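Engineer:
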Amino acid sequence: MKLKMSLISLVCGIGMLFAAESKNIEITQPYTYTTRADSNMVGVFMHIKNLSSKPIRLLSGESERSKTFEIHKVEGEGKDKKMIAIKELEIKPKESLELKPGGLHLMLIDLKSPLKKGEKVDVTLHFDNKEKITLEVPVQERKQDSSRGAHKR
């Protein structure tokens, strides 16, 4: 019986690593990438779903692993592609927003230490409806062809 309860607790805990939900917001598939010792920033990606009947805005965030948190979008094409910090992200009622490489994403800047595969980074998101959601973001190995794009610091 103890083993069965332990397994149920473990499975439920693993599920929470990959999803966070409040009354009005559901966050799934969060992830970030490993960083090199000389890299001071990393993107954070996820799906955010607005479960309410009103628009919700992501206003800010934070992580103990970085000094700065920014919301970014990508503009331009090819060599003219650049990342731009924006003030907020709006999620329309009953819709989802995908934060992904090369598109809308979150940035942890001035990392306090490199991120290693298998770690989990706590990230807290602040929304305009006063909701605050903290999630554990798994660190994945960066793909060989993955680049920093237009991020330069």
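Just so we're aligned: 540 in our numbering is position 65 of the sequence shown, and the numbers increase by one with no gaps anywhere. Where a beta carbon is used, it is the ideal one built from N, C-alpha and C, also for glycine. Small disclaimer: the values here were computed from a predicted structure and weren't measured.
1) Using a Cβ-Cβ cut-off of 8 Å (strictly less than) and excluding sequence neighbours within five positions of Asp585, which residues of its own chain qualify?
2) Sorted by chain position, which residues of the same chain lie with C-beta nearer than 8 Å to Ser528's C-beta, five sequence neighbours on each side aside?
3) Of all the options Gly518, Asn499 and Lys498, which has the alpha carbon lying nearest to the alpha carbon of Glu616?
4) Just to confirm my understanding: we take His580, look at its own chain, exclude 5 residues before and 5 after, and list those with CB closer than 6 Å. What are they?
5) Does the beta-carbon distance from Leu572 to Ile523 come in below 8 Å?
6) Counting along the chain, where does the beta strand (DSSP E) carrying Leu579 start and finish?
7) Give the single residue among Ser538, Lys556 and His601 whose Cα lies nearest to the Cα of Glu611.
8) How is Asp585 classed by DSSP in three states: helix, strand or coil?
9) Enumerated in chain order, which unbroken segments of the beta strand (DSSP E) with a length of 3 residues or greater are wholly contained in the stretch 545-578?
10) Quick one: what's got a C-beta closer than 7 Å to Arg532's C-beta in the same chain, skipping five residues either side?
11) If you reduce the DSSP assignment to three classes, tell me which class Arg591 lands in.
12) From this set, Lys595, Ser535, Ile561 and Thr510, which residue's C-alpha is nearest Glu606's C-alpha?
13) Determine the DSSP secondary structure at Asn525, reduced to helix, strand or coil.
14) State the CB to CB distance for the pair Ile559 and Glu552, rounded to an integer number of angstroms; the pair is presumed to be in contact (CB under 8 Å).
Structural biologist: Looking at the atomic coordinates:
1) Asn515, Met516, Ser541, Lys542 and Thr543
2) Cβ neighbours of Ser528 beyond the five flanking positions: Pro568 and Lys569.
3) Gly518
4) The answer, listed in chain order, is Gly518, Phe520, His547 and Leu574.
5) yes
6) For Leu579, there is no enclosing beta strand (DSSP E), since its DSSP letter is neither H nor E.
7) Ser538
8) strand
9) Within the stretch 545-578, the complete beta strand (DSSP E) segments of 3 residues or longer fall at 557-561, 564-566 and 571-574, listed in chain order.
10) Glu563, Leu564, Glu565, Phe602 and Asp603
11) Here residue 591 turns out to be Lys, not Arg, going by the sequence shown. Reduced to three states, the DSSP call for Lys591 is coil.
12) Ser535
13) Under the three-state reduction of DSSP, Asn525 is assigned to strand.
14) With 8 Å as the limit, Ile559 and Glu552 do not qualify as a contact, their Cβ atoms being about 14 Å apart.
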